[in-house]
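**Student:**
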Amino acid sequence: MRIACIGGGPAGLYFAISMKLRDAAHHVDVFERNRPDDTFGWGVVFSDQTVENLMANDPASGSVIRDEFAHWDDIDVHIRGQTIRSSGHGFIGIGRKRLLNILQERARELGVQLHFESEAGSDLDDWTAYDLVIAADGANSRIRDRYQQHLGVDIQVRRNKFIWLGTHKVFGAFTFAFEHLPEGWVWAHAYRFDDDLSTFIVEMEPETWDRLGFADMEQKAAIAWCESVFAKYLDGHSLMSNASHLRGSALWLNFRRIVCDRWFYRNLILLGDAAHTAHFSIGSGTKLALEDAIKLAEVLNRPGLAREDALQEYQAERNLEVLKLQNSARNSTEWFETLERYLDFEPIQFAYSLLTRSQRVSHENLRLRDKAWLEVVERWFQSKARGSPVNEPAPPMFAPYRLRELQLENRIVVSPMAMYSAEDGTPNDFHLVHYGTRAQGGAGLLYTEMTCVSADGRITPGCAGMYAPEHLSEWTRIVGFVHANSAAKICLQLGHSGPKGSTKVGWEGYDVPLDSGNWPVMAASDVPWSPNNQHPRPMTRADMDEVISQFVAAVRMGNEAGFDMCELHAAHGYLLSSFITPLTNKRADEYGGSLENRLRFPLEVFRAMRAAWPAAKPMSVRISANDWMGELGVTPSEAVLVGRAFTDAGADLIDVSAGQTWAECTPVYGRMFQTPFADQIRNEGKIATMAVGNIYETDHVNSILAAGRADLVAMARPHLVDPMWTLRAAAAQEYRDIAIPPQYLAGMTQLARNLKREQELAAALKA
Ligand SMILES: Cc1cc2nc3c(=O)[nH]c(=O)nc-3n(C[C@H](O)[C@H](O)[C@H](O)COP(=O)(O)OP(=O)(O)OC[C@H]3O[C@@H](n4cnc5c(N)ncnc54)[C@H](O)[C@@H]3O)c2cc1C
Ligand SMILES: Cc1cc2nc3c(=O)[nH]c(=O)nc-3n(C[C@H](O)[C@H](O)[C@H](O)COP(=O)(O)O)c2cc1C
């Protein structure tokens, strides 16, 4: 094959090498606009896995690269005069220039034709002499942009400004240095990649960059400014740019996140940064470029594989890898873009949050990397939760939590779950056993299902209520059992179904109207949940007054029943949620329009409940923090204001759910998928939050809590099949200080022993 590679960066060179290795008969020309030694940037970092891939593909260049790597294990986070060092992170780095020289030499050795100072054209008609044209010309690929409508190119320009510099100061650890100036925070990412060279990237928010006047500052002055701000980390070394041809502020960049729907068109194939980028804070752009090159060469040379099939396979496999990495990279990018949220954390928690920012590194990953450091974090977390120094480390999930006068034993919560098993709103033995078992399972707090404040406020005929004397007596029996037989506290979730009422029980069809016996429904406006649901009656003032008095009556009964806490359900498209989301609130009066107006009725309800609920007992509010409809609905940023409004009115905790407010919404599912909203509301709004949604491992829970992303963690479905989830988690983590019903003690001891044995066996097998 005759192949033209546009671009002699890591992708182009390594692809050329990989093709020649597989078939020396290929003719490969690499066209690079720069000279062999000109290159932007400084060092690149890799993981051990990347090196293994390079060794497997080409031991000759792989071993040279491997032998030249600078290795380091430590990460230092400098903030507010403190340095937090953690170890075991295992990075390797090499100078970009050196890497390119190694690849150039190897390419020459294999017979690749390298053409430097050769500007390549971006029209495919210029390349008719070649079978394949490889766009390896980096993130600003001109040939990709020319054919962008065929390739589905999506470019997102991220907000922060950064400058990529180098220095002769040799950093012993990967260093993050945060400095607070009157104009805002600025920070550096620095790491060694050579015997006497380090990369030094300076980053800041665009507002800070504007205030510092970089738009009108010459390159030299900007570098001198960076040197003076970070002088204490540089030990007298200067900072250097190797893009000295750039004038004025051109040295400052905004990261461009690139994705392409299609990676090939006619005989053009995208490779490396031309096809995708990953934010520099995750350091994997070069790794992706090299791995793309290996895969592409492999499919193109596989005997019997047609070109189209080869390219489909290349795109499918590499795109999956890229998406995974871009997901982590996006988390990491956003962490730096929303840094303001975390800056008042204590340094140890700030460092933990930084290390876990991409969500690829979890609590247990950190334990594997640096057990001693993680135990410092755990002791810090427990000491803070208990208000006195703690010597023994313990998992964050087993830290107590206080809400007003209510003391929770731990941070695990059984999330509200409708059981659709009541008759005329009256709970029964099913509920006694259901809640009783989950209370005995060790969670610190147990929520009831949505308990409805009136018969018409029920979702289904099977929903539980709190509006009749028999409801009060049955709930009193259940609460009494929970208090007598466990250390769990119990919270009553009160709600009104609104437009989603008069529907079938869950397992007969969610939100499907009853076959017969439907009752009329009401909402903020005449917007049905779906074309199959009833048109709700827009609420009148008289309706509002009636509903408020129903919530107040229910909250009083809840107190009488002995509940420890009460939650107002203002999420998921039910009555109060129908007011909050603009998708369903079309009112023209003072209850519609602005957020303040949309919140007016839900807040009237909440304030009336709060006034009727004892001051010593806490209240939470469940909200949908994202309608998953972009700017048309509630966004996470607006949810911060919603959370604030309820806490200003006396809520102690925001229970952060999302969605179910609009039938056509498109949620982005994944593990812990709603936790970012709990994080945003907590740390921007300075509000206590509870995270929920596809959280199912002990590691998820500990990571969320230690990183300060939420104060409590609720799990619903995991508790359906495993009521003893918390006891099992305690046994798995060898945590003994948990309240266990004495009747079950023997089982717990055996479980802990067996799990330990399994862990030891797994470790022995691994060794
Ligand atoms: C601040 C920063 C830090 C980074 N840190 C890391 C890191 O630590 N680890 C890591 O793995 N990656 C890192 N990267 C990413 C990394 O630089 C890229 O992902 C990687 O270089 C991609 O390789 P590539 O060959 O696809 O593109 P490039 O390296 O951009 O190479 C493209 C080449 O094409 C040439 N070219 C472009 N147009 C033409 C043309 N028309 N004619 C001829 N030649 C042309 C260019 O001169 C260039 O040499 C970082 C990036 C940035 C911006
Ligand atoms: C069977 C079932 C019933 C639910 N009923 C309620 C409810 O009554 N009130 C409520 O706020 N959320 C309800 N939810 C939502 C859960 O509380 C939780 O937010 C959701 O299931 C996501 O958490 P998970 O991934 O841990 O299951 C219900 C969920 C399930 C699975």
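Basically the working numbering = 1-based index in the sequence shown + 99.
Cβ atoms here follow ideal geometry from the backbone N, Cα and C, with glycine treated the same way.
Closer than 8 Å is the cut-off here; do at least three beta carbon pairs connect the stretch 737–751 with the stretch 694–706?
**Tutor:** Touching, yes, given that three or more Cβ pairs across the two stretches are closer than 8 Å.
**Student:** Is the beta carbon of Val-358 sitting closer than 9 Å to the one on Cys-325?
**Tutor:** Contact flag unset, no.
**Student:** Helix, strand or coil for Met-823, going by three-state DSSP, please let me know.
**Tutor:** Of the three classes helix, strand and coil, the one that applies to Met-823 here is coil, per DSSP.
**Student:** Answer yes if the stretch 109–118 comes into contact with the stretch 392–402, meaning at least three C-beta pairs across the two stretches below 8 Å, and no otherwise.
**Tutor:** Short answer: they touch.
**Student:** Does the beta-carbon of Ala-276 have 16 or more other beta-carbons within 10 angstroms, so that it is buried, or is it exposed?
**Tutor:** Buried, because 16 or more other Cβ atoms sit within 10 Å of the Cβ of Ala-276.
**Student:** Between the stretch 175–189 and the stretch 449–456, are three or more C-beta pairs nearer than 8 Å?
**Tutor:** Judged by Cβ distances under 8 Å, the stretch 175–189 makes contact with the stretch 449–456, as three or more pairs qualify.
**Student:** Would you say the beta carbon of Tyr-246 comes nearer than 8 Å to a heavy atom of ligand 2?
**Tutor:** Tyr-246: no, Cβ never under 8 Å from ligand 2.
**Student:** Taking DSSP as the reference, what is the three-state secondary structure of Trp-284?
**Tutor:** Three-state result, Trp-284: strand.
**Student:** Pick out whichever of Phe-215, Ala-863 and Gly-384 has its Cα sitting closest to the Cα of Thr-149.
**Tutor:** If we check each option's Cα against that of Thr-149, Gly-384 comes out closest.
**Student:** Report, in whole angstroms, the separation of the C-beta atoms of Asn-632 and Pro-612, which I expect to be a contact under 8 Å.
**Tutor:** Contact holds; Cβ gap of about 6 Å.
**Student:** Return the Cβ separation of Ala-409 and Val-398 in integer angstroms, given the expectation that the two are a contact with Cβ distance under 8 Å.
**Tutor:** Yes, they are in contact, since the Cβ atoms of Ala-409 and Val-398 sit about 4 Å apart, within 8 Å.
**Student:** Taking 8 Å as the cut-off, is the beta-carbon of Gly-540 closer than that to any non-hydrogen atom of ligand 2?
**Tutor:** Gly-540: no, Cβ never under 8 Å from ligand 2.
**Student:** Among the residues of its own chain, which have a CB less than 6 Å from the CB of Ser-482, if the five just before and after it don't count?
**Tutor:** Excluding sequence neighbours, Ser-482 sits near Pro-488 and Val-489.
**Student:** Can you tell me whether Cys-590 is helix, strand or coil according to DSSP?
**Tutor:** Here Cys-590 sits in strand by DSSP.
**Student:** Got a sec, what are the start and stop residues for the alpha helix (DSSP H) His-249 sits in?
**Tutor:** 247–250 is the extent of the alpha helix (DSSP H) around His-249.
**Student:** Looking at Arg-816 and ligand 2, is the gap between the Cβ and the nearest heavy atom below 8 Å?
**Tutor:** At least one heavy atom of ligand 2 is nearer than 8 Å to the Cβ of Arg-816, so yes.
**Student:** Considering only residues of the same chain and omitting the five flanking positions on each side of Phe-435, which have a CB-CB separation below 7 Å?
**Tutor:** Hits under 7 Å: Asn-259, Glu-302 and Ser-380.
**Student:** For Gly-189 versus Ser-146, is the C-beta spacing smaller than 9 Å?
**Tutor:** Yes, the Cβ-Cβ distance between Gly-189 and Ser-146 is below 9 Å.
**Student:** Taking 8 Å as the cut-off, is the C-beta of Ser-327 nearer than that to any heavy atom in ligand 1?
**Tutor:** No.
**Student:** So what's Ala-272 in DSSP terms, helix, strand or just coil?
**Tutor:** Reduced to three states, the DSSP call for Ala-272 is coil.
**Student:** How is His-126 classed by DSSP in three states: helix, strand or coil?
**Tutor:** Looking at His-126 - three-state DSSP - the assignment turns out to be strand.
**Student:** Can you round the beta-carbon distance between Lys-599 and Tyr-673 to whole angstroms, since I take them to be within the 8 Å contact cut?
**Tutor:** With a Cβ gap of about 6 Å, Lys-599 and Tyr-673 count as contacting.
**Student:** Check whether the Cβ of Ala-653 lies closer than 8 Å to any heavy atom of ligand 2, and answer yes or no.
**Tutor:** Outside the cutoff, so no.
**Student:** So if DSSP puts Pro-612 in a beta bridge, which residue, or which two residues, is it bridged to?
**Tutor:** Looking at the DSSP assignment, Pro-612 forms a beta bridge with Thr-602.
**Student:** Alpha carbon to alpha carbon, what distance is there between Gly-594 and Ala-806?
**Tutor:** C-alpha separation (whole angstroms): 32 Å.
**Student:** What did DSSP end up calling Arg-808 once you bin it into helix, strand or coil?
**Tutor:** It is coil, neither helix nor strand.
**Student:** How do the stretch 196–213 and the stretch 308–324 stand: do at least 3 beta-carbon pairs fall below 8 Å, yes or no?
**Tutor:** Verdict: no, contact absent.
**Student:** Could you spell out the range, first to last residue, of the alpha helix (DSSP H) harbouring Arg-346?
**Tutor:** Element bounds for Arg-346: n/a, residue is neither H nor E.
**Student:** How about Val-733 and Thr-765: do their beta carbons lie closer than 9 Å?
**Tutor:** It is not a contact, given that the beta carbons lie outside the stated cut-off.
**Student:** Could one say the Cβ of Val-127 lies closer than 9 Å to chain D's Cβ atoms, at least one of them?
**Tutor:** Included in the structure is just one protein chain, with no chain D present.
**Student:** Quick check on this structure: which residue in Gly-187, Gly-535, Asn-133 and Thr-550 has the alpha carbon closest to the alpha carbon of Pro-515?
**Tutor:** It is Thr-550.
**Student:** DSSP three-state label for Tyr-364, please.
**Tutor:** If DSSP states are grouped into helix, strand and coil, Tyr-364 belongs with the strands.
**Student:** Is the beta carbon of Ser-677 less than 9 Å from the beta carbon of Gly-597?
**Tutor:** Cβ atoms of Ser-677 and Gly-597: closer than 9 Å.
**Student:** Going along the chain, which residues of its own chain have a beta-carbon closer than 6 Å to the beta-carbon of Asp-236, five neighbours each way excluded?
**Tutor:** Cβ within range, chain order: Ile-105, Gly-106 and Ala-373.
**Student:** Mark Asn-353 as exposed unless 16 or more other C-beta atoms lie within 10 angstroms of its C-beta, in which case mark it buried.
**Tutor:** Exposed is the call here.
**Student:** Using the Cβ count rule (16 or more neighbours within 10 Å means buried), how would you classify Lys-716?
**Tutor:** Its Cβ being crowded by 16 or more others within 10 Å, Lys-716 is buried.
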